[in-house]
Structure formats: C-alpha cells, structure tokens
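Notes follow once the structure below has been shown.
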Ligand SMILES: Nc1nc2c(ncn2[C@@H]2O[C@H](COP(=O)(O)OP(=O)(O)OP(=O)(O)O)[C@@H](O)[C@H]2O)c(=O)[nH]1
Ligand SMILES: [Mg+2]
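Residue numbers (my numbering), protein chains in the order written: chain A, 19 to 330; chain B, 21 to 156.
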C-alpha cells in the first residue's frame with residue numbers, strides 16, 4: 019500500500035503531473051479503495067473536455083487516425099488524453115494492447131497522455147471504470163479526450179453513453195460492412211469517416227455511405243446532420259476537416275440542449291453502473307458457506323435466500 | 021476481490037529492425053493472462069521509460085538482438101528510477117554474454133534470457149517474481 023497512497027495525489031494530478039495521473043488512473047481502473055475519494059475530488063472538472071469516441075471495425079485505422087488528430091490538436095496547443103481500449107481474452111484474461119504502437123510518436127510530448135486499457139471482460143467494449151479514467155484526465159487538464167474502442171456490431175452503442183462525440187471509422191474495402199451497418203451504429207455516429215481514402219474505391223465508399231445515411235433521414239431538418247468525410251491517416255489528407263467537424267459538433271452540443279442531454283445520459287450510466295457494482299459486490303460478499311450448504315440440503319431455495327441476503 | 025492481471029511492457033530499444041521475437045513473447049504473455057503493451061521497434065530509452073510511466077506497468081521486457089545492451093539497458097533502468105518507478109521489474113532478452121549478464125544485474129536488470137529460452141520459462145519467471153515485487 020506504501021506508494022499507492024499519497025495524500026497529495028489529487029493536488030498533483032490537478033497540477034498536471036504525469037506520474038500522478040498515471041497512479042490515479044490505476045487506482046480507478048483497478049477499483050482500489052481510494053477510487054471513490056478521487057472521483058469526488060475530480061468530478062467538479064467533469065464536462066470540461068470534449069470526449070471523443072473513435073470506433074469502427076478492426077484495422078480501419080482508428081489508432082493511426084487518432085495519432086493524426088493528436089498532431090492536429092497539438093498545433094493548437096491543446097492538451098490531449100487518449101484511452102485506447104482493447105478486449106481481454108475471455109480464456110486467459112490477458113490482453114494485447116496494441117493501439118499505442120501507432121500513437122507512440124506522441125509518447126514524449128508533455129501535453130499528451132496515452133493509456134491502454136483492457137476491457138477486462140466487460141461488455142460493450144468499454145468498461146465501467148472508463149468514467150473514472152476520464153475524470154482523471156479531465157482533472158489532469160485535458161481539452162480533448164479520445165477513447166478508441168473496437169467494434170463492428172451493436173456493441174459500440176455503449177461508447178455513446180461515454181463520449182460526447184462519436185466518430186465512426188470505416189474504409190473503402192469495407193463496402194459490405196457499410197451495407198450491413200447496423201442501425202445502432204448509424205444512430206450513434208456523429209461523424210462518419212471513410213479512412214484509407216488513399217486506396218482504390220474511396221469515392222464509391224463515400225457515396226455509398228452518404229446514400230445509406232440519407233435513407234434513414236427524416237424529412238424535417240435535424241440540428242446536426244452527421245457528415246461523411248474521407249481521410250487518409252497515411253497521408254494526413256482530410257484530418258483538418260475531421261478536426262473542424264469535431265469542433266463544429268462540440269459547438270453544437272454546447273449551444274443546443276443536446277449537450278446537456280448527453281451529459282445527463284453519461285452521468286446516469288456512470289451512476290447506475292456504480293450502484294449495480296456496489297450492490298452486486300456487497301451482496302456477493304455476504305454469501306456464506308452455510309448458505310451454500312443450506313441450498314444443497316434444500317433447506318431454502320436460491321430465490322428466497324437471495325431476497326434475504328439483499329435485505330441484510 | 022478478483023485479482024487484476026499484471027501489466028507488462030514489451031519494448032524493442034536499439035536500431036535492429038525486425039520484431040518477430042518480441043511479437044512471439046507478446047502473444048505468449050497475453051495467452052498466459054498478462055495485459056501486454058507493445059510499442060514497436062526503435063524505441064529510445066526515454067520513450068520506454070515514459071511509456072512505462074503512463075501505462076503503469078508492473079514489468080518491462082527489453083528485447084534486443086545485438087550489441088548495445090550494455091549502454092541501453094542500464095540507461096533504461098536509470099530513467100525508470102528517475103521517474104520514481106522503483107518497483108518495476110526489468111528483464112531482458114537477446115544474445116548477451118555471461119560476463120555482461122552479471123554486470124547488467126548490478127544495474128537493475130532482474131533477469132536475462134538467452135536466445136531459444138522456452139516461452140514458458142519467461143511466463144513462469146514473471147508469475148513467480150511479480151507477486152513478490154508488487155504487493156497488489
Ligand atoms: N493505406 C492506408 N493504410 C492505413 C491508413 N490508416 C491506417 N492504415 C494501416 O492500417 C493498419 C491498421 O491501422 P490501425 O491504426 O492500427 O487500425 P485500428 O483501427 O486502430 O486497428 P485495431 O485497433 O487493431 O482495431 C495499419 O497497417 C496502418 O498502417 C490509411 O489512411 N491508409
Ligand atoms: Mg487501434
């Protein structure tokens with residue numbers, strides 16, 4: 019416990035120390051006893067940074083594009099945090115956290131903090147602790163927080179409950195994937211990107227995606243129509259336009275009711291996850307050997323016992 | 021509470037350009053239940069130390085095919101210490117003569133694995149060493 023508990027940790031995070039932010043991130047991600055106190059101290063800063071979710075199928079170029087975006091923001095002297103989430107192996111519990119490889123050129127930049135996370139078996143591609151992690155980065159002083167998650171199906175809808183702006187990344191060669199794109203993705207994406215536009219077929223992919231988008235469009239004009247952009251993380255083409263679209267969306271959120279609505283959704287998700295984890299854990303801790311024997315001996319049934327334990 | 025997986029950074033300092041060996045270790049460690057961060061080839065000692073700090077890893081594995089281990093490895097352990105990362109386990113792999121191994125161990129490299137070391141040896145080493153170094 020020695021180095022884990024530092025009475026000045028909060029202050030050091032707020033001052034922008036890398037080592038302190040790293041320590042605080044570990045404490046919240048590992049759900050250490052100190053995590054609640056950190057959450058409380060950092061919460062006043064929440065909502066200050068634009069939280070950008072970058073999602074899309076494996077290999078679409080999410081990390082490469084993130085790296086380009088970081089360079090774009092750094093030219094404006096903005097402070098950037100990156101949380102790169104990869105799945106844990108359900109069998110071993112281990113994980114290969116490979117996103118950093120493509121963002122590593124920013125490793126030595128004092129205005130950038132990169133942390134790789136394994137989802138540790140939590141569904142939806144992001145884990146509960148992502149909220150705490152983002153609070154740490156907000157307190158550390160980030161202007162933008164980029165969360166990268168992989169996903170192709172419905173599951174990345176979860177990222178919509180975590181981030182303010184969702185960028186959905188696909189590529190020209192994923193035409194079939196665009197066709198089959200689930201309604202959920204269409205709805206959560208605030209900005210759609212066809213990356214690798216240096217490759218053959220990008221014009222077709224762009225127009226396919228645009229027409230797919232307009233199919234689902236209702237007649238009345240919406241306050242935000244998700245743009246469909248072409249980028250190349252390889253050449254850097256389209257990155258400034260993506261940065262501009264991200265700024266526009268952030269402005270839209272701030273000016274409209276939508277920003278407040280999303281914040282409420284995020285807080286609701288964080289709160290309900292907090293409650294369910296607390297209740298779940300404390301209830302499970304109350305199960306005794308005696309309880310299990312009682313079940314084996316049919317002295318009580320699981321539903322009645324469960325109800326009793328929850329009331330304790 | 022369930023125990024959290026240990027986090028390991030596998031890094032390739034120096035100038036040699038291929039990383040097949042490092043990738044094999046990355047996969048073996050993932051399959052053994054570690055969270056493994058891999059940052060690619062040609063990492064400077066500063067990048068390795070800064071990555072270890074931001075990722076809050078429990079161990080750093082350095083893979084180096086030839087040559088510069090006597091300068092690079094001690095530089096990395098020093099930079100880790102400078103950043104306050106005192107209980108990060110540092111181990112290395114590569115073609116390293118016995119007399120160098122002894123010197124490296126004095127400089128804070130905990131263990132050195134020669135070419136052809138079975139992957140299970142490395143996994144067993146981490147599983148036995150890490151819990152005593154980090155009291156999680
Ligand atoms: N030609 C081309 N290749 C790209 C582009 N962006 C990324 N790539 C390549 O595509 C591959 C995957 O890139 P990543 O950035 O790792 O993709 P990702 O979506 O983060 O991948 P995962 O995190 O594994 O899902 C790499 O080999 C990149 O070099 C691009 O714009 N053009
Ligand atoms: Mg990636």
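C-beta: ideal position from N, C-alpha, C; glycine also.
| Query | Result |
| --- | --- |
| Chain A contact for residue 40(B) (CB, 7 Å cutoff) | no |
| Below 6 Å from a heavy atom of ligand 2 - residues by beta-carbon | 80(A), 81(A), 117(A), 166(A) |
| Contact test: residue 332(A) Cβ vs ligand 1 heavy atom, cutoff 6 Å | Outside the shown range of chain A (19 to 330) lies residue 332(A), about which nothing can therefore be said. |
| Option in 124(B), 25(B), 121(B) with minimal Cα separation from residue 56(B) | 25(B) |
| Interface flag, residue 210(A) vs chain B, CB-CB below 7 Å | no |
| Runs of alpha helix (DSSP H) wholly within the stretch 62–115 of chain A (minimum 4 residues, chain order) | 80–93 |
| Touching by the beta-carbon criterion (3+ pairs, under 8 Å), the stretch 46–61 of chain B and the stretch 104–111 of chain A | yes |
| C-beta neighbour in chain A for residue 56(B), strict 7 Å | yes |
| Sufficient close CB pairs (3 or more, under 8 Å) joining the stretch 127–136 of chain A to the stretch 151–164 of chain A | yes |
| Range covered by the beta strand (DSSP E) that runs through residue 162(A) | 162–168 |
| C-alpha gap between residue 88(A) and residue 124(A), whole angstroms | 8 Å |
| Range covered by the beta strand (DSSP E) that runs through residue 57(B) | 55–58 |
| Cβ-heavy atom distance, residue 216(A) to ligand 1, below 6 Å | yes |
| Residue 136(A): contacting residues in chain B (beta-carbon distance under 8 Å) | 25, 55 |
| Any chain B beta carbon closer than 7 Å to residue 228(A) | no |
| DSSP bridge partner residues for residue 109(B) (one or two, in chain order) | 79(B) |
| Residue 106(A): CB within 6 Å of a non-hydrogen atom of ligand 1 | no |
| Among 330(A), 41(A), 30(A), 78(A), nearest to residue 150(A) - alpha-carbon criterion | 41(A) |
| Option nearest residue 180(A) by Cα separation, candidates 278(A), 69(A), 265(A) | 69(A) |
| Cβ-based contacts, 9 Å cut-off: residues of the stretch 42–53 of chain A near chain B | 43, 44, 47, 48, 49 |
| Selection of the stretch 100–113 of chain B by Cβ proximity to chain A, strictly under 9 Å | 103, 104, 105, 106, 107 |
| Touching by the beta-carbon criterion (3+ pairs, under 8 Å), the stretch 77–96 of chain B and the stretch 116–136 of chain B | yes |
| Beta-carbon contacts of residue 112(B) that lie in its chain and below 8 Å, excluding the five residues immediately before and after | 81, 82, 83, 84, 89, 93, 124, 129, 131, 132, 133 |
| Inter-residue spacing [alpha-carbon to alpha-carbon] between residue 206(A) and residue 71(A) | 10 Å |
| The stretch 59–78 of chain B contacting the stretch 36–43 of chain B, beta-carbon criterion three pairs below 8 Å | yes |
| Delimiting residues of the alpha helix (DSSP H) encompassing residue 57(A) | 53–60 |
| Residues from the stretch 99–123 of chain A in contact with chain B, defined by Cβ distance under 7 Å | 107, 110, 111, 112, 113, 114, 115, 116, 118, 119, 122 |
| Residue 47(B): CB within 6 Å of a non-hydrogen atom of ligand 1 | no |
| Own chain partners of residue 105(A) with C-beta closer than 6 Å, once the 5 adjacent residues on each side are dropped | 137 |
| Assigned exposure category for residue 33(B) - 16 Cβ within 10 Å defines buried | buried |
| Residue 333(A) burial status per 10 Å Cβ neighbour count (16 or more: buried) | Past the edges of chain A, shown from 19 to 330, lies residue 333(A), and the structure says nothing about it. |
| Reduced DSSP category for residue 21(A) - H, G, I as helix; E, B as strand; rest coil | Its pLDDT being 49, under 50, residue 21(A) is placed unreliably by the model, and the measurement read from it follows with that caveat. DSSP places residue 21(A) in coil when its eight states are reduced to three. |
| Separation of residue 127(B) from residue 142(A), as counted between CA atoms | With a pLDDT of only 42 at residue 142(A), under the threshold of 50, the placement of this residue in the model should not be trusted, and no figure is reported. |
| Test item: CB-CB of residue 28(B) and residue 79(B) under 7 Å | yes |
| Segment limits, alpha helix (DSSP H) that includes residue 219(A) | Premise fails: residue 219(A) is in no alpha helix (DSSP H) and is neither H nor E. |
| C-beta neighbour in chain A for residue 95(B), strict 7 Å | no |
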